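Colleague: Going line by line, the protein sequences match chains A and B.
Taking our numbering, the leading residue of the first sequence gets 934, the next gets one more, and so forth.
Taking our numbering, the leading residue of the second sequence gets 576, the next gets one more, and so forth.
Idealized CB from N, CA, C, for every residue including glycine.
What you are looking at is a predicted structure, and each value in this text was computed from that prediction instead of being measured.
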Amino acid sequence: DTAVSQTPKYLVTQMGNDKSIKCEQNLGHDTMYWYKQDSKKFLKIMFSYNNKELIINETVPNRFSPKSPDKAHLNLHINSLELGDSAVYFCASSPVRQGSDEQFFGPGTRLTVL
Amino acid sequence: SQELEQSPQSLIVQEGKNLTINCTSSKTLYGLYWYKQKYGEGLIFLMMLQKGGEEKSHEKITAKLDEKKQQSSLHITASQPSHAGIYLCGADYTGTASKLTFGTGTRLQVTL
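Written as structure tokens, this is what we have:
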């Protein structure tokens, strides 16, 4: 059973396009995250949602808009894609907002902007 | 400069050899997480350390957090090809684990 799933796994698109990446977790977790991993493998948090409520928004351009229709889903929509958006995007989830709990990561979505 | 630095950036070891990866924080940690990323895949949780001086082991991997809670080391004993991947340390600076700050990663290759 897949705990945290992301679709698509690969996404190749032209500059200026709008695209979405979907994330679903079947762990019953309350908190979900989006991370961006750049070409140097540096992983940086973008957003965090708890029970559909935005908790963290880390200086991300407003072209990026997360949407959480329910606590099991956190989708990432990106408008007007730029070359610098090329990266691997990871979704993650964790059980609770407070306390030190493991974050479970999805397999990642490799976005390539041409 | 980064809040969280990992060293070395990359490592090539012969199968059977021991190795250590370090993670150094510029400020005190509430918690320190170690993850492994296999090439082209997601992150797999290895261990989490919270208390100064804490040490945890899982199979051939041991992680320690120093007393000041600013440095952690990950030690692999008798490395195997299955240990190859990218090791990332993630710091909890808030005490809630709601936001992890990750290090730059260490790429490990294990040769036969």
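Going by DSSP, what residues sit across from L579 of chain B in a beta bridge?
Modeller: As a working mapping, residue 579 of chain B is identified with position 4 in the second sequence. The partner list for L579 of chain B (beta bridge, DSSP) reads B:S600.
Colleague: Below 8 Å CB to CB, which residues in the same chain sit around Q612 of chain B once its five sequence neighbours on both sides are set aside?
Modeller: The sequence position of residue 612 of chain B within the second sequence is 37, counting from 1. The residues are L618, I619, G660, I661, Y662, L663, G680.
Colleague: In the DSSP assignment, what residue or residues form a beta bridge with F1038 of chain A?
Modeller: Your numbering for residue 1038 of chain A matches position 105 in the first sequence. BP columns for F1038 of chain A point to A:A1025.
Colleague: Which of helix, strand or coil does DSSP assign to L618 of chain B?
Modeller: Locating residue 618 of chain B in the second sequence gives position 43, counting from the first residue. Looking at L618 of chain B - three-state DSSP - the assignment turns out to be strand.
Colleague: Name the residue from A:G1039, A:D951, A:V1021 whose alpha carbon lies nearest to the alpha carbon of F997 of chain A.
Modeller: In the first sequence, residue 997 of chain A corresponds to position 64, counting from 1. Comparing Cα positions, the closest option is A:D951.
Colleague: From T686 of chain B to Q581 of chain B, what does the alpha carbon distance come to, in whole angstroms?
Modeller: Taking the second sequence and counting its residues from 1, one reaches residue 686 of chain B at position 111. Taking the second sequence and counting its residues from 1, one reaches residue 581 of chain B at position 6. Their backbone Cα atoms lie some 22 Å apart in a straight line.
Colleague: To the nearest angstrom, report how far apart E1015 of chain A and M948 of chain A are at their CA atoms.
Modeller: By one-based count along the first sequence, residue 1015 of chain A stands at place 82. By one-based count along the first sequence, residue 948 of chain A stands at place 15. In a straight line, the C-alpha of E1015 of chain A is about 5 Å away from that of M948 of chain A.
Colleague: How far does the beta strand (DSSP E) with H1010 of chain A in it extend, from its first residue to its last?
Modeller: Stepping through the first sequence from its first residue, residue 1010 of chain A is reached at position 77. Run containing H1010 of chain A: 1006 to 1011, per the beta strand (DSSP E) assignment.
Colleague: Just to confirm the assignment, what range does the beta strand (DSSP E) spanning N990 of chain A have?
Modeller: Reading the first sequence from its first residue, position 57 is the one you call residue 990 of chain A. N990 of chain A -> beta strand (DSSP E) spans 986 to 990.
Colleague: If you measure beta-carbon to beta-carbon, which residues of the region 951 to 981 of chain A are closer than 9 Å to chain B?
Modeller: Listed by position along the chain: T964, Y966, Y968, Q970, K973, K974, F975, L976, K977, I978, S981.
Colleague: I'd like the span of the beta strand (DSSP E) that includes K973 of chain A, first residue to last.
Modeller: Locating residue 973 of chain A in the first sequence gives position 40, counting from the first residue. Looking at the DSSP string, K973 of chain A is not in any beta strand (DSSP E), and its letter there is neither H nor E.
Colleague: Beta strand (DSSP E) containing K635 of chain B: first to last residue?
Modeller: Translated into the one-based positions of the second sequence, residue 635 of chain B becomes position 60. Unbroken run through K635 of chain B: none, as it is neither H nor E.
Colleague: For the beta strand (DSSP E) containing D667 of chain B, name the first residue and the last one.
Modeller: The count along the second sequence starts at 1 and reaches residue 667 of chain B at position 92. First-last of the beta strand (DSSP E) with D667 of chain B: 660 to 667.
Colleague: So what's P999 of chain A in DSSP terms, helix, strand or just coil?
Modeller: Along the first sequence, read from residue 1 onward, the residue named residue 999 of chain A stands at position 66. Three-state DSSP puts P999 of chain A in a strand.
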